[in-house]
Amino acid sequence: MVKKTMLLTLAAFLGAGIVMLIQWMRPPTEDPYFFLNPKPTTIGDYHSIEIPIKLYEKGEKVEMVFWNVPQPTPKLLYLFPANTPSPQIMLNIKKRKESDLGFYISDIFKVKGSISENKNNPIFNIKIYKINDNLTEDLIYEKNHSNITLYSGGWGDNLFNLVDFYHDYKYGQYRLQVEVLANLPEFKIDELDYFIYIRQYAIK
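So the sequence shown is numbered by the numbering used here: it starts at 11 and just counts up by one.
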């Protein structure tokens, strides 16, 4: 009887330990920022922001508001804590499936006409404003981007890194403004769509 009781107690402790381990390993599923508008991007690409941009039209300008909020620390292989996530602003070039462009998307800024001829000319002007509690704005980042390199690519999405927030920026709401400075009519390709894309990224 005593042995049976000890086994039951041991099984209960073991079961509780397994449940706690699963809870610790499992990535968070609830949205702690459900009350914010627009939805802040969270790790795992939940509520990632994407807005189309006409990369081939000089003077094209897009704006978006986004949040930099505290994030749960992700775990590599659900076991080992990774770096704290922060927003990453990217250019996403989407290629339609089974399209034969005659070149790799990763090389688009090297092989397409005026880009290859004027490598030092800026393509984008990017400004980031911090929105204060009283709704005033402070310009905290401005840069003309000339060299745009591929971050990751595949059959559909091809991501080019523009701005990493890291931990230099305070939590709160921000406004992003992107303007096309280059005249790139050769980028008007039916098989390609261009987007400014904001996601959360942690493994750096």
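All C-beta atoms, glycine included, are put in the ideal place defined by N, C-alpha and C.
Assigned with DSSP and collapsed to three states, I115 falls in helix. Judged by DSSP secondary structure, L160 falls within the beta strand (DSSP E) whose first and last residues are L160 to G163. The closest CA to that of Y181, considering only K68, S58, W77 and I61, is found on W77. DSSP places V190 inside the beta strand (DSSP E), whose first and last residues are G182 to V190. Taking a C-beta distance under 9 Å as the contact criterion, P132 and N102 do not qualify as a contact pair. Below 8 Å, enough C-beta pairs join the segment 189–205 and the segment 62–77 to call them touching: three or more.
Taking E73 as reference, the option from R185, E152, K107 and Y114 with the minimal CA-CA separation is R185. Uninterrupted beta strand (DSSP E) stretches at least 3 residues long and entirely within the segment 130–175 occur at 134–141, 147–155, 160–163 and 167–174, given in chain order.
The criterion of a C-beta distance shorter than 9 Å is satisfied by I208 and E60. Excluding sequence positions up to five before and after D174, its CB lies within less than 6 Å of the CB of Q98, all in the same chain and listed in chain order.
For a cut-off of 8 Å, the C-beta gap from K137 to L149 is around 6 Å, short enough to register as a contact. Counting only residues of its own chain and dropping the five nearest sequence neighbours on each side, Y179 has a CB closer than 6 Å to the CB of N78. By the neighbour-count criterion, in which 16 or more other beta carbons inside 10 Å mark a residue as buried, L24 falls on the exposed side. Checking the DSSP bridge columns, you'll see P97 partnered with Q210.
Nearest Cα to S156 within the set Q210, I141 and F119: F119.
Residue D203 holds the alpha-carbon nearest to the alpha-carbon of I115 among D203, S58 and V190. Proximity to V188 across D117, N135 and G112 peaks at N135, based on C-alpha coordinates. E60 carries a strand assignment under DSSP once its states are collapsed to helix, strand and coil.
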